[in-house]
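J.:
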Amino acid sequence: MNLSLLQQQLINRCQRGFPLESSPYARLAEELGSTEAEVLAALKELEQADILSRLGAVFDHKKAGASTLAALAVPEADLDYVAGIINNFDQVNHNYAREHDYNLWFVVTAADDFTLNRVLTRIEELTGLEVLVLPMEKAFHIDLSFQIDFEPAPQITRVN
Amino acid sequence: MMQANLTETQPGPVQSTLPMPPGAPEASLTQEQQRQLRVYLEQGLPLSPHPYREIAARLATGEAQIMTQIKQWQEQSLIRRLGLVVKHRQLGYRANAMVVWDIKDTDMEHIAGQLAARPEVSLCYQRPRRLPHWHYNLFCMIHGKDRSAVLEQINLLTRELALEHVNKDVLFSYKAFKQQGARYSQRKTADDRA
């Protein structure tokens with residue numbers, strides 16, 4: 001999908017903040033020299049193209065509940081199967097294969113420590129593998145957004 | 001529900017914000033409403049002209065109450081950010097490296113601080129070692145459009161911060177099985193539903 005200029009602007013404008021007012025899309029339109037309808041259409045298209053994960057809130061892991069990074073060393077042939085087991089838990093929000101003996105890395109977040117530990121125990125029971133549990137001890141930098149470095153827009157030649 | 005809904009001040013299917021008497025504090029949300037609001041914010045705001053009003057209607061409260069609650073959570077840093085969450089892989093950022101370092105405890109603050117300040121490092125966390133299996137205690141995420149560009153960035157920052165002597169490993173991801181916003185408000189584990 002080729003992103004329109006408006007879509008690129010929305011992505012870079014809205015990763016860090018979204019207006020907290022009655023007509024936020026109209027506000028964005030005003031900022032970006034567009035219309036509310038165009039902004040909404042652009043966002044819906046991004047959503048349909050599976051580029052927009054969501055327009056919502058990212059809660060602080062520690063303040064909002066319990067969370068941890070965890071890893072498993074899975075025999076390569078079983079990777080998809082084990083990843084499927086992990087994915088079944090609603091409390092798992094990221095799950096990646098990585099190049100290492102510990103080759104399956106996932107983040108578990110839960111309402112509280114009790115639930116978190118139950119999920120980890122269940123994962124050990126269901127997979128028969130020992131979970132490497134690596135909770136965050138200190139955050140030095142968290143930037144969940146980054147400026148997308150879009151390809152330069154094609155030159156438009158004006159003919160007067 | 002804290003607030004009695006006695007009058008309709010605006011027509012239409014969406015419940016309006018009740019005008020409050022001057023000086024009166026705005027009714028806050030009940031715990032259950034707060035929990036539900038968190039679910040809605042984790043799932044995503046509606047893509048329609050008045051998203052907060054729509055959520056307010058679902059929770060049978062006013063738009064102002066919803067916005068006040070969100071603002072409060074932002075001020076308390078419970079909400080770290082409100083905005084677009086994009087799937088960066090779909091935007092061409094396919095190389096995703098987790099760089100893990102074995103930093104001497106006494107050097108942690110200094111080195112982690114330097115790494116965190118680099119623009120190419122999007123996350124920088126200290127985590128426990130788990131000996132004998134895992135001896136790394138500092139984690140950095142670096143995203144890029146391709147593997148060689150990311151490796152080059154890692155080499156560069158290793159040199160510039162004089163970290164050549166520090167044990168490290170680079171774990172590129174090669175498959176994303178799941179990538180979604182966290183659902184803290186989820187109370188049940190998967191097998192509760194089974």
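Residue numbers (our numbering), protein chains in the order written: chain V, 1 to 160; chain B, 1 to 194.
Heads up, the beta-carbon is just placed ideally off N, CA and C, and yes, glycines get one too.
Predicted model, so just to flag it, every value in this text is computed and none were measured.
Verify the CB distance criterion: does V/Ser53 have a CB-CB separation below 9 Å to chain B?
T.: Yes - at least one Cβ of chain B is within 9 Å of the one on V/Ser53.
J.: Could you tell me whether the Cβ atoms of B/Ala149 and B/Ala116 are closer together than 9 Å?
T.: Not a contact, by the Cβ cut-off of 9 Å.
J.: Just list the residues that DSSP pairs B/Trp101 with in beta bridges.
T.: Per DSSP, B/Leu138, B/Lys168.
J.: For B/Lys71, name the three-state secondary structure that DSSP assigns.
T.: In the structure shown, B/Lys71 sits in a helix (DSSP, three-state: H, G or I).
J.: Just to confirm before moving on: does the CB-CB distance between V/Asp60 and B/Leu78 stay below 9 Å?
T.: It is a contact, given that the beta carbons lie within the stated cut-off.
J.: Please report the residue range of the beta strand (DSSP E) in which V/Gly56 lies.
T.: Looking at the DSSP string, the run of the beta strand (DSSP E) that includes V/Gly56 is 52 to 59.
J.: Which one of V/Asn117, V/Ala42, V/Ile11 has the shortest CA to CA distance from V/Leu69?
T.: The option with the nearest alpha carbon to V/Leu69 is V/Asn117.
J.: How would you label B/His165, buried or exposed, when you count the other beta carbons within 10 angstroms and need 16 or more for buried?
T.: Label assigned to B/His165: exposed.
J.: With a cut-off of 8 Å, do at least 3 Cβ pairs link the region 68 to 75 of chain B to the region 157 to 176 of chain B?
T.: Cβ pair count under 8 Å is below three, so no.
J.: What's the C-alpha gap between B/Lys87 and V/His94?
T.: Near 12 Å, if we compare the C-alpha coordinates of V/His94 and B/Lys87.
J.: Using a C-beta cutoff of 9 Å, does B/Val85 count as contacting chain V?
T.: With 9 Å as the cut-off, B/Val85 counts as an interface residue toward chain V.
J.: Consider the Cβ of B/Leu59: report whether some Cβ of chain V lies at a distance smaller than 9 Å.
T.: Not closer than 9 Å to any Cβ of chain V, the Cβ of B/Leu59 fails to qualify, so no.
J.: The alpha helix (DSSP H) that contains B/Leu200, what's its start and end?
T.: Residue coverage of chain B in this structure runs from 1 to 194, which leaves residue 200 of chain B outside it and unanswerable.
J.: Could you check which residue in V/Glu76, V/His141, V/Glu130 has the C-alpha nearest to that of B/Lys175?
T.: It is V/Glu76.
J.: Using the beta-carbon of each residue, which ones in chain B are nearer than 9 Å to V/Gln15?
T.: Chain B residues near V/Gln15: Arg81, Gly83, Leu84, Val85, Val86.
J.: Just grab the DSSP bridge partners of B/Ile79 for me.
T.: DSSP lists V/Phe59 as partners of B/Ile79.
J.: Answer yes or no: does any C-beta atom of chain V fall closer than 9 Å to that of B/Ile103?
T.: False, the Cβ-Cβ gap to chain V never drops below 9 Å.
J.: Whether or not the region 6 to 26 of chain V and the region 28 to 43 of chain B are in contact is what I'm after, with contact meaning three or more pairs of Cβ atoms, one per stretch, closer than 8 Å; do they touch?
T.: These segments do not touch.
J.: Are any of the Cβ atoms in chain V nearer than 9 Å to that of B/Ile154?
T.: Judged by the 9 Å Cβ criterion, B/Ile154 is not in contact with chain V.
J.: Within the same chain, show all residues whose beta-carbon is closer than 6 Å to that of B/Cys140, passing over the 5 residues directly before and after it, in chain order.
T.: These residues qualify, in order along the chain: Val99, Leu115, Val121, Cys124.
J.: Could you name the residues of the region 116 to 139 of chain B whose beta carbon sits closer than 7 Å to any beta carbon of chain V, in the order they occur along the chain?
T.: Answer in chain order: Ala116, Val121, Ser122, Leu123, Cys124, Tyr125, Gln126, Arg127, Pro128, Arg130, His133, Trp134.
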